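Peer 1: Under my numbering, think of the first position of the sequence shown as 40, with each following residue one higher. A virtual CB, placed ideally from N, CA and C, is assigned to each residue, including glycine. Just so you know, these numbers come straight off a predicted model, no measurement behind them. What follows is a single structure, and I will ask about it in a moment.
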Amino acid sequence: MVWREVISKTARFLEDRNVPDAQVAAELMVARLLGSSRGFLVSEMEKEASERHLAAMRRGMARLSAGEPVQYVLGEWDFRRLTLKCDKRALIPRPETEQLVERVLAHLSAMKGAPGLVIDVGTGTGAIILSIAAEFRGGGVFLGTDVSEDAIALATENAGRCGLSDRVRFAVADGLDDFDEPQSVDVIVSNPPYVATSVCEKLDRRVRDYEPRIALDGGAEGLDFYERYLADALNLLKPGGAVFFEIGEGQGDAVGSMMAGYGFTGIKVEKDFAGLDRYASGVLP
Ligand code: GLN
40 MVWREVISKT ARFLEDRNVP DAQVAAELMV ARLLGSSRGF LVSEMEKEAS ERHLAAMRRG
100 MARLSAGEPV QYVLGEWDFR RLTLKCDKRA LIPRPETEQL VERVLAHLSA MKGAPGLVID
160 VGTGTGAIIL SIAAEFRGGG VFLGTDVSED AIALATENAG RCGLSDRVRF AVADGLDDFD
220 EPQSVDVIVS NPPYVATSVC EKLDRRVRDY EPRIALDGGA EGLDFYERYL ADALNLLKPG
280 GAVFFEIGEG QGDAVGSMMA GYGFTGIKVE KDFAGLDRYA SGVLP
């Protein structure tokens, strides 16, 4: 069978089993197997697929049909400029989060002098802090923390494969609990778990059954982690230091007033490309 046929049969098979974006998923699987990019598949189309490759395709199709997210089946996913290893140890990096990084980069570039310490709390794959370190032109110390040892192992692997091991450190830590040096941090950034506990069961099954629940469940209202991190940030941030959060749709008012309550100024609540509340930031005077 030539690849053209493999792709169309795979796409049809996946579509019949309600796998979203079946054609793209089929092409991505083939591209991954051939070590190619989707755009270069054209040159492979009339070539014969080996039995070993067909077996790998069948394994991937079975996983996708069972409901596993395509990112986990592929084992890697692009986030901004980086291709990150991606598996069930951490939340899949989402496109909305790329815009959280954009906001932090703008803040760092506007700072006078090089930033000292930037911490990404609940780093997961490491997507946020690795992207910041990869793209920010100035110096600085970049640290990612996660309560999950599995996530930190994955983030550390990602630092290695992105050539950023020298620039980014990772540590297992529960929130900001292990940090106690007052006024030592310039920026705290986080995409914390923010789904209300009662909503977790109603999420798409690809998210609900495969992604780590501790990366999603933000407590009764989904707001627990903002409260915690803001309280810690008060002590840890330098004057003029900033927090940048990804937030859930509809959480803008709540997180904005929480920040105001803690004395943050310059509070911004912004929407993502879908028009939903997605980012909240503030500066400590
Ligand atoms: N955006 C994710 C979702 O809707 C949630 C991520 C998070 O809780 N930080 O599935």
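#1: Check whether the region 266-282 touches the region 224-233, taking contact to mean three or more Cβ pairs, one atom from each stretch, closer than 8 angstroms.
#2: Please classify residue 41: is it buried, with 16 or more other beta-carbons within 10 angstroms of its beta-carbon, or exposed?
#3: For the beta strand (DSSP E) containing residue 277, name the first residue and the last one.
#4: For the alpha helix (DSSP H) containing residue 236, list its first residue and its last residue.
#5: Return the chain-ordered list of same chain residues with a C-beta closer than 8 angstroms to the C-beta of residue 249, the five sequence neighbours on each side being excluded.
#6: Give every residue of the same chain whose Cβ lies closer than 7 angstroms to the Cβ of residue 252, excluding the five residues on either side of it in the sequence, and list them in chain order.
#7: On the DSSP bridge list, what partners appear for residue 182?
#8: Quick check on this structure: which residue in 192, 55, 214 and 313 has the alpha carbon closest to the alpha carbon of residue 125?
#9: Spatial neighbours of residue 322 within its chain, please: C-beta separation below 6 angstroms, excluding the five flanking residues on both sides.
#10: What's the call for residue 134, buried or exposed, on a 16-neighbour Cβ count within 10 Å?
#11: May I have the straight-line CA-CA distance separating residue 315 from residue 153, to the nearest angstrom?
#12: Can you name the residues that DSSP bridges to residue 229?
#13: Give the single residue among 256, 151, 182 and 155 whose Cα lies nearest to the Cα of residue 165.
#14: Quick check: residue 174 and residue 139, are their CB atoms within less than 8 angstroms of each other?
#15: Following a CB-centred definition, is residue 234 positioned closer than 7 angstroms to any heavy atom of ligand 1?
#16: Does at least one heavy atom of ligand 3 sit under 7 angstroms from the Cβ of residue 315?
#17: Hey, does residue 113 have any beta-carbon neighbour from chain C nearer than 8 angstroms?
#18: Less than 8 angstroms between the beta carbons of residue 156 and residue 186, yes or no?
#19: Can you tell me the Cα-Cα spacing of residue 99 and residue 113, whole angstroms?
#20: Are the CB atoms of residue 233 and residue 214 nearer to each other than 8 angstroms?
#21: By the DSSP assignment, the beta strand (DSSP E) with residue 252 in it spans what residues?
#22: Quick one: residues in its chain with C-beta nearer than 8 angstroms to the C-beta of residue 216, no 5 flanking neighbours on either side, listed in chain order?
#23: Roughly how far, in whole angstroms, is the beta-carbon of residue 285 from the beta-carbon of residue 230, given that I think they are within contact range, below 8 angstroms?
#24: In whole angstroms, what is the alpha-carbon distance linking residue 302 and residue 324?
#25: In terms of residues, what are the limits of the beta strand (DSSP E) holding residue 317?
#26: Should residue 255 and residue 290 be called a contact, given that it needs their Cβ atoms to be closer than 8 angstroms?
#27: Go ahead and pull the three-state DSSP assignment for residue 130.
#28: According to DSSP, is residue 52 helix, strand or coil?
Peer 2: To lay it out plainly:
#1: yes
#2: Residue mapping note: residue 41 aligns to position 2 of the sequence shown, counting from 1. It counts as exposed.
#3: For this step, residue 277 is matched to residue 238 along the sequence shown. Per DSSP, residue 277 belongs to the beta strand (DSSP E) from 276-285.
#4: Sequence index remark: in the sequence shown, residue 236 carries index 197 (1-based). Where residue 236 is concerned, the enclosing alpha helix (DSSP H) stretches over 236-239.
#5: Here residue 249 is taken as the residue at index 210 of the sequence shown, counted from 1. 106, 107, 108, 111 and 127.
#6: In the sequence shown, counting from the first residue as 1, residue 252 sits at position 213. Excluding residues within five positions, the ones whose Cβ falls inside 7 angstroms are 239.
#7: Working through the sequence shown from its first residue, we reach residue 182 at position 143. Answer by DSSP bridge pairing, in chain order: 158 and 208.
#8: As a position in the sequence shown, residue 125 is number 86, starting the count at 1. Of the listed residues, the one whose Cα sits closest to residue 125 is 192.
#9: Sequence index remark: in the sequence shown, residue 322 carries index 283 (1-based). Excluding sequence neighbours, residue 322 sits near 281, 304 and 305.
#10: Here the question's residue 134 lines up with position 95 in the sequence shown. By the neighbour-count rule (16 or more Cβ atoms within 10 Å), residue 134 is not buried but exposed.
#11: Sequence index remark: in the sequence shown, residue 315 carries index 276 (1-based). Sequence index remark: in the sequence shown, residue 153 carries index 114 (1-based). About 33 angstroms.
#12: For the purposes of this step, residue 229 is taken as the residue at position 190 of the sequence shown. Bridge partners of residue 229: 160 and 284.
#13: As a position in the sequence shown, residue 165 is number 126, starting the count at 1. The residue with the shortest Cα to Cα distance from residue 165 is 182.
#14: Indexing the sequence shown from 1 puts residue 174 at position 135. Indexing the sequence shown from 1 puts residue 139 at position 100. Their beta carbons are not under 8 angstroms apart, which means residue 174 does not touch residue 139 by this criterion.
#15: Here residue 234 is taken as the residue at index 195 of the sequence shown, counted from 1. Under cutoff, so the answer is yes.
#16: Absent from the structure shown: ligand 3. Ligands present: ligand 1.
#17: Going by chain labels, chain C is absent from the structure shown, which holds only one protein chain.
#18: In the sequence shown, residue 156 corresponds to position 117, counting from 1. In the sequence shown, residue 186 corresponds to position 147, counting from 1. No, these two residues do not count as a Cβ contact at 8 angstroms.
#19: Sequence index remark: in the sequence shown, residue 99 carries index 60 (1-based). Sequence index remark: in the sequence shown, residue 113 carries index 74 (1-based). The alpha-carbon atoms of residue 99 and residue 113 are separated by roughly 8 angstroms.
#20: Residue numbering aside, residue 233 sits at position 194 when the sequence shown is read from its first letter. Residue numbering aside, residue 214 sits at position 175 when the sequence shown is read from its first letter. No, the pair does not count as a contact, with Cβ atoms beyond the cut-off.
#21: Position 213 of the sequence shown holds residue 252. Premise fails: residue 252 is in no beta strand (DSSP E) and is neither H nor E.
#22: Taking the first residue of the sequence shown as 1, we reach residue 216 at position 177. Cβ neighbours of residue 216 beyond the five flanking positions: 271.
#23: Locating residue 285 in the sequence shown gives position 246, where the first residue counts as 1. Locating residue 230 in the sequence shown gives position 191, where the first residue counts as 1. The Cβ separation is near 4 angstroms, so the contact holds.
#24: As a position in the sequence shown, residue 302 is number 263, starting the count at 1. As a position in the sequence shown, residue 324 is number 285, starting the count at 1. Rounded to the nearest angstrom, the two C-alpha atoms are 8 angstroms apart.
#25: Start at 1 with the first residue of the sequence shown, and residue 317 comes out as number 278. Run containing residue 317: 316-322, per the beta strand (DSSP E) assignment.
#26: To locate residue 255, count along the sequence shown from 1; it is residue 216. To locate residue 290, count along the sequence shown from 1; it is residue 251. Contact flag unset, no.
#27: Sequence index remark: in the sequence shown, residue 130 carries index 91 (1-based). Coil.
#28: Here residue 52 corresponds to residue number 13 of the sequence shown, with the count starting at 1. Note: residue 52 maps to helix in three-state DSSP.
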